[in-house]
Each structure stands twice: as structure tokens, then as C-alpha cells.
Amino acid sequence: MSLLYEDNGEIKGKMVRTNRLDGLKMDSMEVILNGIPSTTRAHQVQAVSIGFDGKLYLNVADGGEWEKA
Amino acid sequence: MELDGSIPWDNPNPGSLVYAKGFRNPFGAAWRKSDLSLYIAGNGPDVDDRIAKVRPYENYGCPGTMRHNSVFWWHHTQAPTALDFMQDEQFPPDFNDDLFVALFGEAYEEGMGVKGKRIVKMRLNADATAVKSYNDFIAYVGSGPASPCGLKFGPNGLYFTDMHGDITESGDRTGGNVFRVRPDKERIGKMRRKITRYVEIWSEP
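Going line by line, the protein sequences match chains A and B.
Everything in the first sequence is counted per the working numbering, starting at 1 for the first residue and increasing by one.
Everything in the second sequence is counted per the working numbering, starting at 1001 for the first residue and increasing by one.
Listed below in C-alpha cells is the structure:
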């Protein structure tokens, strides 16, 4: 899953691996990728998918701030 | 990237995680079995939201155009969010490989007859460069602000979420919901029998 966080006033995204026993709360969290430039605008949502090649794919690119996209 | 976040040896640019570029607000991602490819739904600026098939090395035009290398675009923006293909027999075979896309519309818009607030069904052409058909599959008909957002095929159906929630007939506001769309097997069975009956009639000498 992808998350947003604030680091010294800068908005960044991260992707984490987690698991849950009851489906309601995270029982663990391992950071896969950190420090992705992001924004607090509407489109920072980043789809995470695993391809048929077994690789991990992450959608990024908020159109509101191109220098970060 | 690899599952641990490292860069695969065969990425387009050695040392970079970038697999393809030129996207703008690529909300949704879905993997299609029939061509083993990733498809995304992207939101444009004031015009041109799109569906694109993602190929390595490719540039998808942004900033600049949302149309470059796209399969389909909505000139009048609809805010496509999640998308998925019917590829695990949740629906009858006629729906095989059809693409379903949630169109969110404007953020918090009450009622119906406004932008988006529906799920559309598309069929792609053979080389995934255009669509052969495009239909409304589900449309919101209430008075609340609910809009479809998440969407994915899962066990025995198509699942989707709405955001902002609904207003019930008694005026109560709900939170967001998770819905499942399942085929009505009894009705489909009846339709099939009817079709079979017509075939029998027409095939009589």
C-alpha cells in the first residue's frame, strides 16, 4: 500500500508492506520505498500492483506539481 | 521494482526505477491476462482523462498531452479512478476480458445527472489501440454524494466502493460502502432457455 507523510515540511509518499490478522488493523509494516516526492493535492493516490512477471509496480505522478511528478 | 524495492536488472534505464513515463494522476492499475499487460486510468487537467496500456520505455505525453499512446480518452473529464478486467469467470462468458472503469466525477456532488458517478464497461479492439464498445454498467440514481472510487473483481463478483456515502430514502446519511455485483444466475438461466427456445423454433424445417 502507499502512504503519505510529512518530512521537514515536505510531503512525501512511501510504499510499505504490511499484513493483518483480522483485516482491520496493520500488524506489521516494512518500508519498501521511501521519500517519493508528493503533494497534498487530490491525486497523490498511488496504485500498487504486482505484474505477471512477479515485479512490483507503483503508479506516481500528481499533475498539480510537475516538478515533483 | 523487485518486491523488496530494488531496481530490476532489465529496467529501461539502468539504475532507475522508472518503467514508463509521461503520466498524470494515474489513479488505477489493472493487469490483463490476455496480453499480460498493465493498464492505467489517468486523470487529465481540464480535458482528456484516459486509459492507457503501459509499455516499457514508452512516454505517455505528460506534461503536454493526455492522448499520446492512450487507448481511450474522455475529452469531457469524468475522473476515472480504479479499473479492472473481467477475466476470472465472475460474470457470464459474454463479459470475458471486458474492462470496467469507475468514473468518480466531481469531488462531492449530490444527486444524479452530474459528471461521472457511474461504472462503465468497455471492450478493447484486438491490438488495444481503441475500444469496440462503451456502455454504462452501473449509474448512481440516489440523491446523495456517493461516487464509485475503488473497483476490483474478486471472489464471485465485481466489488466497488463509494466515497462520501449515500442518503437513504428516510434522509439518513451513510458512510462509504462496499458493494458486490453478482450475476443473477436464475434470470440468466431463464434468458438462456428463452434463447434456446427461439433457436428451436427457427431451426424447425
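In this text, a Cβ means the ideal position worked out from N, Cα and C, and glycines have one as well.
{"Asked": "Determine whether the Cβ of P1008 (chain B) lies closer than 9 Å to any Cβ atom of chain A.", "Found": "yes"}
{"Asked": "Taking the straight line between their C-alpha atoms, what separation do you get for P1012 (chain B) and L33 (chain A)?", "Found": "19 Å"}
{"Asked": "The beta strand (DSSP E) that contains C1062 (chain B), what's its start and end?", "Found": "Premise fails: C1062 (chain B) is in no beta strand (DSSP E) and is neither H nor E."}
{"Asked": "Can you give the beta carbon distance from G1171 (chain B) to S1147 (chain B), rounded, assuming they're within the 8 Å contact cut?", "Found": "So it is not a contact: roughly 20 Å between Cβ atoms."}
{"Asked": "Terminal residues of the continuous beta strand (DSSP E) containing H1076 (chain B)?", "Found": "1070-1076"}
{"Asked": "Candidates A:V60, A:G51, A:A47: which alpha carbon is nearest G1150 (chain B)'s?", "Found": "A:A47"}
{"Asked": "Buried or exposed: which applies to L1099 (chain B), given that a residue is buried once 16 or more other Cβ atoms fall within 10 Å of its Cβ?", "Found": "buried"}
{"Asked": "Is the shortest distance between the beta-carbon of I1040 (chain B) and the beta-carbons of chain A less than 9 Å?", "Found": "yes"}
{"Asked": "Run through chain B and tell me which residues come within less than 8 Å of I11 (chain A), C-beta to C-beta.", "Found": "Neighbours of I11 (chain A) on chain B: none; closest Cβ ~15 Å, over 8 Å."}
{"Asked": "Output needed in chain order: residues of the region 1141-1167 of chain B with a Cβ under 9 Å from some Cβ in chain A.", "Found": "none"}
{"Asked": "Report the three-state DSSP secondary structure of R1193 (chain B) (helix, strand or coil).", "Found": "helix"}
{"Asked": "Assuming N34 (chain A) is part of the beta strand (DSSP E), what are its boundary residues?", "Found": "30-37"}
{"Asked": "By DSSP, does E1186 (chain B) sit in helix, in strand, or in coil?", "Found": "helix"}
{"Asked": "Which whole-angstrom value describes the C-beta separation of F1153 (chain B) and Q1090 (chain B), a residue pair presumed to lie in contact below a C-beta threshold of 8 Å?", "Found": "5 Å"}
{"Asked": "Per the DSSP calculation, Y1159 (chain B) is bridged to which residue(s)?", "Found": "B:K1152, B:R1180"}
{"Asked": "Helix, strand or coil for D1094 (chain B)? Go by DSSP, reduced to three states.", "Found": "helix"}
{"Asked": "Which same chain residues end up closer than 7 Å to S49 (chain A) when comparing Cβ atoms and leaving out the 5 residues on each side of it in sequence?", "Found": "Y57"}
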